[in-house]
Each structure stands twice: as C-alpha cells, then as structure tokens.
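In what follows, a single structure is set out as structure tokens and then discussed.
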Amino acid sequence: MGLLSKKDSKLILDPLADNNPITIQVLGICSALAITAQLKPSIVMAISVVFVLGVGNVVISLMRNIIPSKIRIIVQLIVVATLVIMVDQVLKAFAYELSKELSVFIGLIITNCIIMGRFEAFALGNGPWRSFLDGIGNAAGYGIILIIVGFFRELLGSGTLFGFKVLGDPVEKSGLYAIGYENNGFMVLPPMALIVVGIIIWVQRSKNKALIEEN
Amino acid sequence: MAINTDKNSYTVIFAIVMVIVVGSLLAGFASGLKPLVKANERYEKQQNILYAMGVNDNEGTNDVTFISTDRVEGEFEKYITKQLVIEGEKVTEDDKAYLIDLKKEETKAKDKSYTRRLPLFIGEKEGKEIYVIPVRGKGLWDAIWGFVAVDKMMTVQGVYFDHKGETPGLGAEIKQRYFMDDFVGEKFLNEGDFEGIKVAKGNNDPKNTDTTDNEVDALAGATITGDGVSAMLKKDIRMYVPYFKKLNQ
Numbered sequence: 001m002g003l004l005s006k007k008d009s010k011l012i013l014d015p016l017a018d019n020n021p022i023t024i025q026v027l028g029i030c031s032a033l034a035i036t037a038q039l040k041p042s043i044v045m046a047i048s049v050v051f052v053l054g055v056g057n058v059v060i061s062l063m064r065n066i067i068p069s070k071i072r073i074i075v076q077l078i079v080v081a082t083l084v085i086m087v088d089q090v091l092k093a094f095a096y097e098l099s100k101e102l103s104v105f106i107g108l109i110i111t112n113c114i115i116m117g118r119f120e121a122f123a124l125g126n127g128p129w130r131s132f133l134d135g136i137g138n139a140a141g142y143g144i145i146l147i148i149v150g151f152f153r154e155l156l157g158s159g160t161l162f163g164f165k166v167l168g169d170p171v172e173k174s175g176l177y178a179i180g181y182e183n184n185g186f187m188v189l190p191p192m193a194l195i196v197v198g199i200i201i202w203v204q205r206s207k208n209k210a211l212i213e214e215n
Numbered sequence: 216m217a218i219n220t221d222k223n224s225y226t227v228i229f230a231i232v233m234v235i236v237v238g239s240l241l242a243g244f245a246s247g248l249k250p251l252v253k254a255n256e257r258y259e260k261q262q263n264i265l266y267a268m269g270v271n272d273n274e275g276t277n278d279v280t281f282i283s284t285d286r287v288e289g290e291f292e293k294y295i296t297k298q299l300v301i302e303g304e305k306v307t308e309d310d311k312a313y314l315i316d317l318k319k320e321e322t323k324a325k326d327k328s329y330t331r332r333l334p335l336f337i338g339e340k341e342g343k344e345i346y347v348i349p350v351r352g353k354g355l356w357d358a359i360w361g362f363v364a365v366d367k368m369m370t371v372q373g374v375y376f377d378h379k380g381e382t383p384g385l386g387a388e389i390k391q392r393y394f395m396d397d398f399v400g401e402k403f404l405n406e407g408d409f410e411g412i413k414v415a416k417g418n419n420d421p422k423n424t425d426t427t428d429n430e431v432d433a434l435a436g437a438t439i440t441g442d443g444v445s446a447m448l449k450k451d452i453r454m455y456v457p458y459f460k461k462l463n464q
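Order-wise, the sequence lines are chains V and A.
Taking my numbering, I'd label the letters of the first sequence as residues 1 to 215.
Taking my numbering, I'd label the letters of the second sequence as residues 216 to 464.
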C-alpha cells in the first residue's frame with residue numbers, strides 16, 4: 001500500500017479479520033442480532049456505523065487532551081449522541097424516504113459498544129488521522145460480519161436477497177420450491193443470528209489456529 | 216502550558232461549556248431544518264392517502280412507490296374531492312382535515328366530554344367514489360398507523376400501513392405489497408354489522424381467495440404486530456360506521 005504506511009494500513013486491515021470486533025472481541029452483538037434478518041438494513045447499518053465511528057473517533061481524538069478523565073465516558077456518549085442526532089435530522093430533511101427506513105437503526109448506533117470501545121481504547125490516546133483509520137477499520141469489520149449474517153438469514157429464511165425472490169416463489173411453487181425446498185422460518189428470528197455468528201467464529205478460528213484462546 | 220484536567224473546577228466548567236455548545240448546536244440544527252422536515256411529513260401524508268386509494272407509481276408486483284413529492288400536491292387536489300371532519304352528528308368540510316393529528320385526538324378523547332374529530336377523505340378514481348379513513352394503533356415495539364380506502368359498502372379498495380419501529384423482516388413487513396394487497400376486496404361488514412378485518416393465523420386461505428371471511432393471512436413471526444393491525448382496524452374503523460350507515464340509508 002503506497003498511500004498508507006505499514007502501521008497505518010494495519011489499523012484498517014486488522015479489525016477486518018484477525019481482530020474483528022464481533023467475532024474476536026464479541027462487541028456490538030445486540031445490533032448484529034437485531035437487524036440482520038434482511039440484507040438491506042444490514043448494509044445500511046454498516047454504512048452508518050462507518051460514518052459515526054470514523055467522525056466520532058476524530059472528534060474524540062482532537063479533544064483528547066482537554067477531556068477531564070473523570071467524565072470522559074459521558075463526554076464520549078455526548079459525542080456519539082450528537083453525531084447520531086445530526087445524521088438523523090439531516091436525513092429527515094433531505095432524504096425522508098431513507099430516514100424512515102433507518103429511523104430505529106440510527107438510534108441503535110448510540111448503544112453500539114464498538115463505538116464507545118474504540119473511543120476509549122484508541123481515540124483517547126492517538127492522533128486524529130490514526131484514529132480515523134482505526135474507526136473506519138473497526139466499523140468495516142463490524143459491517144462485514146453484519147452483511148454476511150444478513151445475506152444468509154435473508155436467503156435461507158425468506159428465500160430472497162434485497163427483496164428479490166432468488167430461489168423462486170414459495171406460494172406459486174416455482175424454482176427451488178418446485179422440488180420440495182422450504183424456507184427455514186427459524187432463520188428470520190434473532191436466535192439464528194447468534195448461531196450464524198457462532199458458525200463464522202468457528203470457521204475463522206479453525207482457519208487461523210493462532211486465534212484460539214488457551215483454556 | 217498544560218492544563219490540569221483533574222481539577223474539579225475544570226471538570227465542572229468543561230461539562231457546562233460542553234452542554235451549552237452541544238445544546239445550542241443541536242437546537243440550531245433542529246430548528247433550521249424544521250420547515251423542511253414539516254413539509255416532508257405533509258407530503259408523506261398526502262402520498263399515503265393517495266396510495267391507499269390506488270394512486271401510485273408502482274412498477275411490478277412487489278413495488279411500493281408513492282407519487283413523487285414534486286407532483287403529490289397537484290395529484291392530491293385532483294383526486295381528493297372533499298375532506299370531512301366528523302364530530303359526532305356534525306359533519307363539516309375542511310380542506311386541512313388531513314393535518315389532524317390522530318395521536319392528539321386519541322389523547323383528548325380520553326376525556327369523555329370531548330367529541331373526537333374524525334377526518335375522512337373522499338376521493339374519486341375512475342368514476343368511483345372512495346372513502347379514505349386514517350387509522351392508528353400499537354404494534355410490538357411502537358406505533359403503527361395507516362390509511363384504509365373503502366367504498367360505500369365498506370369494502371376495502373386499498374390500504375397503506377406504516378410503522379415506527381417494528382422488527383425488520385418480521386413486523387415491518389406490514390408495509391409490503393403482498394400483505395397490503397391481501398386486504399383489497401375484504402369487507403368490514405358482515406351481514407350489515409361491523410365485524411372488522413382480522414389478521415389471522417391458520418385461516419387456510421394463504422392466497423386470500425375468500426374475501427367474505429373478514430380475515431387476511433397473517434405474517435410468519437409477526438403475531439403481535441398482526442394482532443395490532445387487527446385491533447387498530449377494529450377500533451378506528453368502527454367509529455366511522457354511523458357515518459356510513461347514514462350514507463347508505
């Protein structure tokens with residue numbers, strides 16, 4: 001990578017696989033379970049988190065020398081909340097349709113522990129540029145898992161992708177359904193997301209033995 | 216000069232300054248964008264009413280597309296011939312009836328002496344008179360609402376449902392075509408009496424060929440949202456029954 005130094009590109013690439021916030025650190029699980037029944041909301045949530053975490057990390061990093069340590073968690077919370085409310089308002093005014101689709105997820109971003117985690121663990125101790133990269137990297141790592149889970153849950157649960165009936169029509173019995181295939185209704189329920197995340201963790205650790213913890 | 220960020224006085228001052236900065240930033244932001252947001256909400260209501268009547272930009276069988284926002288005001292004037300406000304026995308015309316806030320009316324109606332203002336939109340499409348009734352109720356997580364278009368005999372011509380925060384993929388499916396289209400042709404009356412339309416599990420009619428059973432097929436995994444839709448229709452449409460009885464006399 002010519003654009004970024006080796007150390008900097010590690011900031012982006014590490015969280016994508018070997019230090020993934022969901023599968024390795026097991027953070028941000030609530031939202032990963034709640035909104036991945038379909039592919040589209042998963043992607044939208046991923047993009048929103050990339051924005052909030054990228055910008056939030058920069059803001060916290062710029063303020064890192066003047067934040068009183070006693071109230072730093074509250075300050076971090078205010079920064080996230082402010083960003084999220086601003087995004088929400090702008091969407092409502094300029095992209096109303098989109099904002100309606102996202103309303104709940106936008107609010108959910110505030111409660112995402114990955115964001116607070118990166119503010120606390122990284123942005124408070126590093127410069128704005130590195131914090132920005134770290135934010136983008138972690139949010140992308142989170143987003144990738146979301147999209148994988150959303151893909152399988154929508155495909156196996158509803159037989160659709162982005163709402164398109166890719167496996168045929170279950171009512172008309174066309175496509176795969178003609179030979180007796182059935183949708184797995186369990187896939188649309190949140191517990192299945194946990195199992196899918198579990199499978200991803202299993203696959204990842206069996207590929208890379210270094211990730212397996214002792215005990 | 217390094218600042219001592221551990222001092223109590225610094226912490227307090229920092230907190231105060233932060234609250235003032237963030238507070239005024241957000242307040243300015245929100246009030247600056249308010250006119251735009253309000254206009255969007257108004258257009259949306261008009262789009263919803265027109266959608267329920269069957270005036271839309273749908274393409275294909277799965278698509279839910281409203282009349283675009285730049286055309287909606289003109290179309291609304293074209294199709295909606297009359298807007299009524301029903302207050303008990305009294306019926307008045309009011310071309311701002313679509314701005315009546317159902318939530319506020321519901322709260323006010325808790326006081327028994329208050330006569331609730333019920334908005335009703337009368338439109339004409341292809342020579343047929345259509346009555347659009349707004350409804351509002353509770354889903355699993357938050358509010359659900361919608362517009363129901365019926366003819367004189369209270370047979371459904373079209374519906375539009377929306378929600379604030381139902382689960383994506385489950386309860387949120389109430390705003391999908393395949394669910395909303397099931398209501399078309401269903402009847403609110405059963406042998407002249409109000410029966411409502413139930414979102415029913417296991418009604419043995421997934422293709423919805425029977426339109427006289429006062430039932431539509433429920434969504435898998437969205438029992439409580441479905442029950443919310445049934446309850447909402449029962450509660451809000453019932454209030455309009457006297458008006459329709461009079462109309463048919």
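All residues carry an ideal CB built from backbone N, CA and C; glycine is no exception.
Note that the coordinates shown come from a computational prediction; the quantities given were computed from them, not determined experimentally.
Check, Outcome
"Which runs of the alpha helix (DSSP H) at least 4 residues long sit entirely within the segment 313-361 of chain A? Give them in chain order.", "317-323"
"Taking 9 angstroms as the CB-CB cut-off, is Ala37 of chain V touching chain A?", "yes"
"Classify Thr405 of chain A as helix, strand or coil using the three-state DSSP reduction.", "The identity of residue 405 of chain A in the sequence shown is Asn, whereas the question assumes Thr. In the structure shown, Asn405 of chain A sits in a strand (DSSP, three-state: E or B)."
"Is the CB-CB distance between Ile462 of chain A and Gly352 of chain A below 9 angstroms?", "Rather than Ile, the amino acid found at residue 462 of chain A in this sequence is Leu. Contact flag unset, no."
"For Leu419 of chain A, return the contacting residues in chain V, with the cut-off set at a CB-CB distance below 9 angstroms.", "The residue asked about is misnamed: residue 419 of chain A is Asn in this sequence, not Leu. Under the 9 angstroms cutoff, chain V gives no residues; its nearest Cβ is about 14 angstroms from Asn419 of chain A."
"On the DSSP letters alone, give me the boundaries of the alpha helix (DSSP H) that Tyr455 of chain A sits inside.", "Where Tyr455 of chain A is concerned, there is no enclosing alpha helix (DSSP H), given that its DSSP letter is neither H nor E."
"Could you pull out every residue in the same chain whose Cβ sits closer than 7 angstroms to the Cβ of Met395 of chain A, ignoring the five residues on either side in sequence?", "Val374, Tyr375, Phe376"
"Taking contact to mean 3 or more Cβ pairs, one atom from each stretch, closer than 8 angstroms, check whether the segment 226-236 of chain A and the segment 67-78 of chain V are in contact.", "yes"
"Expressed to the nearest angstrom, what Euclidean distance is found between the alpha-carbon atoms of Met216 of chain A and Gly150 of chain V?", "Residue placement at Met216 of chain A is flagged as unreliable, the pLDDT there being 49, under the threshold of 50; the coordinate-derived value follows with that caveat. C-alpha separation (whole angstroms): 51 angstroms."
"Roughly how many whole angstroms lie between the Cα atoms of Ile35 of chain V and Gly107 of chain V?", "12 angstroms"
"Suppose the cutoff is 7 angstroms on Cβ atoms and the five residues either side in sequence are ignored; what does the same chain contact list for Tyr258 of chain A look like?", "Thr284, Val287"
"Out of curiosity, what's the CA-to-CA distance linking Lys450 of chain A and Thr438 of chain A?", "18 angstroms"
"Assuming Gly157 of chain V and Asn184 of chain V form a contact by the criterion Cβ under 8 angstroms, report the distance between their Cβ atoms to the nearest whole angstrom.", "6 angstroms"
"Who are the neighbours of Thr226 of chain A on chain V, taking C-beta pairs under 7 angstroms?", "Pro68, Lys70, Ile71"
"Within 8 angstroms, do at least three Cβ pairs link the segment 289-298 of chain A to the segment 386-402 of chain A?", "no"
"Rounded to whole angstroms, what is the Cα-Cα separation between Thr322 of chain A and Tyr329 of chain A?", "10 angstroms"
"Return no unless some Cβ of chain V is closer than 9 angstroms to the Cβ of Gly342 of chain A.", "no"
"Determine the direct distance from the alpha carbon of Leu146 of chain V to that of Phe164 of chain V, and round the result to whole angstroms.", "19 angstroms"
"Could you pull out every residue in the same chain whose Cβ sits closer than 7 angstroms to the Cβ of Val79 of chain V, ignoring the five residues on either side in sequence?", "Gly56, Val59, Ile60"
"Taking only beta carbons into account, state which residues of the segment 408-436 of chain A come closer than 8 angstroms to chain V, listed in chain order.", "Pro421, Lys422, Ala435, Gly436"
"With DSSP as the reference, identify every bridge partner of Thr307 of chain A, one or two as the case may be.", "A:Val300"
"Bridge partners of Tyr375 of chain A, per DSSP?", "A:Phe362"
"Rounded to whole angstroms, what's the CA-CA distance from Phe122 of chain V to Val44 of chain V? Just pull it up for me.", "25 angstroms"
"If the criterion is Cβ atoms closer than 9 angstroms, does the pair Ala46 of chain V and Ile179 of chain V meet it?", "no"
"Which same chain residues end up closer than 8 angstroms to Gly357 of chain A when comparing Cβ atoms and leaving out the 5 residues on each side of it in sequence?", "Note on residue identity: the sequence assigns Asp, not Gly, to residue 357 of chain A. If we look at Asp357 of chain A and ignore the five residues flanking it on each side, its Cβ neighbours are His378, Lys379, Gly380, Glu381."
"Can you find a C-beta in chain V that's less than 9 angstroms from the C-beta of Met395 of chain A?", "no"
"For a quick check, are the C-beta atoms of Gly198 of chain V and Pro15 of chain V less than 9 angstroms apart?", "no"
"The beta strand (DSSP E) with Glu477 of chain A in it runs from where to where?", "Any property of residue 477 of chain A remains undetermined from this structure, which presents chain A solely from 216 to 464."
"Measuring only the C-alpha atoms, how far is Leu265 of chain A from Leu335 of chain A?", "13 angstroms"
"Which of the three DSSP states is assigned to Leu161 of chain V in this structure?", "strand"
"Who are the Cβ neighbours of Phe459 of chain A in its own chain at under 6 angstroms, not counting the five residues just before and after it?", "Met369"
"What is the C-beta distance between Ala415 of chain A and Ala433 of chain A, in whole angstroms, given that I count them as a contact (C-beta under 8 angstroms)?", "6 angstroms"
"Are there 16 or more other CB atoms within 10 angstroms of the CB of Asn222 of chain V, so buried, or fewer, so exposed?", "Given a span of 1 to 215 for chain V in the structure shown, any question on residue 222 of chain V remains unanswerable."
"Please state if the CB of Asn255 of chain A and the CB of Phe281 of chain A are separated by a distance shorter than 9 angstroms.", "no"
"Please report how far the alpha carbon of Lys249 of chain A lies from the alpha carbon of Asp420 of chain A, in whole angstroms.", "46 angstroms"
"If you count every other CB in all the chains shown that lies within 10 Å of the CB of Thr82 of chain V, and 16 or more means buried, which is it?", "buried"
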